[in-house]
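Here the protein sequences come in this chain order: A and B.
Numbering-wise (our numbering), the first sequence opens with residue 368 and increments by one.
Numbering-wise (our numbering), the second sequence opens with residue 433 and increments by one.
For reference, the structure is listed below as structure tokens.
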Amino acid sequence: MKIVWQMPDGSIRITTPCAVRIDGEAESDYLDRVAARTQSALPDLSGAVRLQDMTDAEHSSLGRQNRAEWGKDQVRTPAALTAIIARGRKP
Amino acid sequence: MANLAVFNSAAFLTASQLAVAGGATIEVRREDTSALASIFSNEAGTAAITNPSAFADSSGRFSFYAAGIARGYSVLVTSGAESFTLRNVAIGTLAQLDAGNLGAISGTSVSVTGDVSGGSVSGNFVASQSAQETGTNTSLIVTPGRQKFHPTAAKAWVQYDSAAGLTSSYNVTSVTDNSAGNLSPVWATDFSSAAYCVVANHEAASSATAATTWTTQVLSRAAGGCNIATIRMSDFAQIDVTYVSVVAFGDQA
Chain A
368 MKIVWQMPDG
378 SIRITTPCAV
388 RIDGEAESDY
398 LDRVAARTQS
408 ALPDLSGAVR
418 LQDMTDAEHS
428 SLGRQNRAEW
438 GKDQVRTPAA
448 LTAIIARGRK
458 P
Chain B
433 MANLAVFNSA
443 AFLTASQLAV
453 AGGATIEVRR
463 EDTSALASIF
473 SNEAGTAAIT
483 NPSAFADSSG
493 RFSFYAAGIA
503 RGYSVLVTSG
513 AESFTLRNVA
523 IGTLAQLDAG
533 NLGAISGTSV
543 SVTGDVSGGS
553 VSGNFVASQS
563 AQETGTNTSL
573 IVTPGRQKFH
583 PTAAKAWVQY
593 DSAAGLTSSY
603 NVTSVTDNSA
613 GNLSPVWATD
623 FSSAAYCVVA
633 NHEAASSATA
643 ATTWTTQVLS
653 RAAGGCNIAT
663 IRMSDFAQID
673 VTYVSVVAFG
683 DQA
């Protein structure tokens with residue numbers, strides 16, 4: 368899974384978790400823990416809004432070249448992000 | 433067999449008046465299993481004594497040699513209708529040491545010529561985090577959980593690709609993809625301050641021209657993470673490369 372952040376300028380940042388998992392920890396709890404730790408450790412993310420998480424497959428299908436588009440779209444809601452992901456899947 | 437320790441005693445009767453119990457029968461059992469013990473008439477342990485048997489002499493005196501065991505032995509002495517059991521009789525070569533010899537064991541210096549084995553070590557044997565961080569002690573045991581605190585040990589490392597896909601890592605919580613050629617690893621355990629060393633490099637296919645030559649730069653550094661950029665030499669734009677490797681050394685909180 369990828370954690371998706373929207374920056375105040377509308378651009379998107381993607382966090383890949385790699386923390387050691389705690390026994391019995393649910394995936395959502397794991398992502399919440401990594402997100403909280405990441406946001407507290409990176410000053411740049413202090414004003415970022417966490418959007419809905421993205422699967423690795425969704426992230427791969429978007430492609431690295433769509434980063435600028437993510438920023439231009441000024442994503443504000445999880446639904447809008449979903450729409451962007453859907454566009455990213457198009458050939 | 434190593435030399436055995438001896439047990440000496442004397443059998444006597446108390447029914448009417450104190451009297452020698454010549455030829456008394458002696459039975460020796462292990463306290464831990466209640467099984468009949470192996471006892472010997474000589475220190476080398478080569479001359480076995482039948483157990484039980486009447487091996488007290490005519491004056492009631494008897495002795496035997498046996499190996500030291502936990503909880504010791506029970507010694508049953510029988511003469512006629514009288515019997516008495518000595519419980520938890522301690523027999524072992526350690527009992528033949530003097531107090532001065534024991535000082536070598538309970539004191540500050542023990543010399544062992546063979547292997548030392550056991551479940552674990554603890555207490556002052558084990559190097560603490562601060563001892564590891566000081567890094568000068570040469571008489572403590574370093575354990576796997578504290579090896580990392582030594583100044584020469586890498587506190588964190590990670591290799592990731594241009595989309596923050598991770599190859600492998602240690603002490604890293606996440607890698608955030610900020611923009612092309614710009615990513616931020618976050619440490620799982622913070623450094624004690626931002627005063628630590630970050631070493632970063634990248635892997636790319638070609639470096640034949642300035643347009644295909646990059647440099648890796650640490651843009652910023654905080655106790656909890658850092659920001660790394662890969663920069664194209666021809667125009668100084670931040671550019672994705674195949675892999676970036678980051679290693680960090682320093683003092684952890």
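A virtual CB, placed ideally from N, CA and C, is assigned to each residue, including glycine.
Every value quoted in this text rests on a predicted model; they were computed, and no experiment measured them.
For residue i and residue j, I'd like the C-alpha separation in whole angstroms.
i: Gln-564 of chain B; j: Gly-682 of chain B; result: 12 angstroms
i: Leu-572 of chain B; j: Gly-377 of chain A; result: 55 angstroms
i: Arg-417 of chain A; j: Gly-567 of chain B; result: 42 angstroms
i: Arg-456 of chain A; j: Val-387 of chain A; result: Because the pLDDT at Arg-456 of chain A is just 43, under 50, the model does not fix this residue reliably, and the point stays unresolved.
i: Ser-689 of chain B; j: Leu-508 of chain B; result: Residue 689 of chain B falls outside the range modelled here, since chain B spans only 433 to 685, and no answer is possible.
i: Val-604 of chain B; j: Cys-385 of chain A; result: 6 angstroms
i: Leu-450 of chain B; j: Arg-519 of chain B; result: 22 angstroms
i: Arg-380 of chain A; j: Asn-610 of chain B; result: 5 angstroms
i: Ala-469 of chain B; j: Ser-506 of chain B; result: 9 angstroms
i: Ser-479 of chain B; j: Gly-504 of chain B; result: Ser is not the amino acid found at residue 479 of chain B; the sequence shown has Ala there. C-alpha separation (whole angstroms): 21 angstroms.
i: Asn-435 of chain B; j: Ser-473 of chain B; result: 12 angstroms
i: Trp-619 of chain B; j: Ala-637 of chain B; result: 28 angstroms
i: Val-548 of chain B; j: Val-401 of chain A; result: 43 angstroms
i: Ala-408 of chain A; j: Thr-584 of chain B; result: 24 angstroms
Identify which residue in the options has its Cα closest to the Cα of residue i.
i: Ser-624 of chain B; options: B:Ala-680, B:Gly-455, B:Thr-446; result: B:Ala-680
i: Thr-403 of chain B; options: B:Asp-622, B:Gly-492, B:Gly-597; result: In the structure displayed, chain B extends from 433 to 685; residue 403 of chain B sits before or after that span and is not available.
i: Ile-523 of chain B; options: B:Tyr-497, B:Thr-478, B:Val-509; result: B:Tyr-497
i: Arg-461 of chain B; options: B:Ala-502, B:Trp-589, B:Phe-557, B:Arg-653; result: B:Ala-502
i: Thr-608 of chain B; options: B:Gly-656, B:Asn-569, B:Ala-627; result: B:Gly-656
i: Ala-586 of chain B; options: B:Gly-555, B:Ala-632, B:Thr-465, B:Asp-547; result: B:Ala-632
i: Pro-617 of chain B; options: A:Gln-406, A:Asp-423, A:Ala-393; result: A:Gln-406
i: Gln-579 of chain B; options: B:Ala-588, B:Asn-569, B:Gln-591, B:Ala-559; result: B:Ala-559
i: Ala-612 of chain B; options: B:Gly-454, B:Phe-668, B:Ser-606; result: B:Phe-668
i: Val-676 of chain B; options: B:Gln-684, B:Ser-666, B:Asn-659, B:Met-665; result: B:Asn-659
i: Ala-488 of chain B; options: B:Ala-442, B:Phe-581, B:Cys-629, B:Ala-513; result: B:Ala-442
i: Thr-648 of chain B; options: B:Arg-493, B:Ala-685, B:Val-678, B:Gly-546; result: B:Val-678
i: Ser-594 of chain B; options: B:Ser-490, B:His-582, B:Gln-684, B:Gln-670; result: B:Gln-670
Which residues in chain B have a C-beta closer than 7 angstroms to the C-beta of residue i? List them in chain order.
i: Val-401 of chain A; result: Thr-605, Ser-606
If we define contact as Cβ-Cβ less than 8 angstroms, is residue i a contact residue for chain A?
i: Asp-667 of chain B; result: no
i: Ala-620 of chain B; result: yes
i: Gly-597 of chain B; result: yes
i: Asn-440 of chain B; result: no
i: Ser-601 of chain B; result: yes
i: Asp-683 of chain B; result: no
i: Ser-470 of chain B; result: no
i: Asn-610 of chain B; result: yes
Are the C-beta of residue i and some C-beta of chain B separated by less than 8 angstroms?
i: Arg-388 of chain A; result: no
i: Leu-418 of chain A; result: no
i: Thr-422 of chain A; result: no
i: Pro-410 of chain A; result: yes
i: Pro-384 of chain A; result: yes
i: Val-442 of chain A; result: For Val-442 of chain A, the pLDDT reaches just 48, beneath the cut-off of 50, and the residue's location in the model is therefore unreliable, although a value from the coordinates is still provided. False, the Cβ-Cβ gap to chain B never drops below 8 angstroms.
In chain B, which residues lie with their C-beta within 8 angstroms of the C-beta of residue i?
i: Ser-407 of chain A; result: Gly-656
What does residue i reach in chain A if we use C-beta pairs closer than 8 angstroms?
i: Ser-385 of chain B; result: Because residue 385 of chain B is not part of the residues shown, which for chain B are 433 to 685, the question remains open.
Meets three-Cβ-pair contact criterion under 8 angstroms: the stretch 547-562 of chain B and the stretch 633-653 of chain B: no
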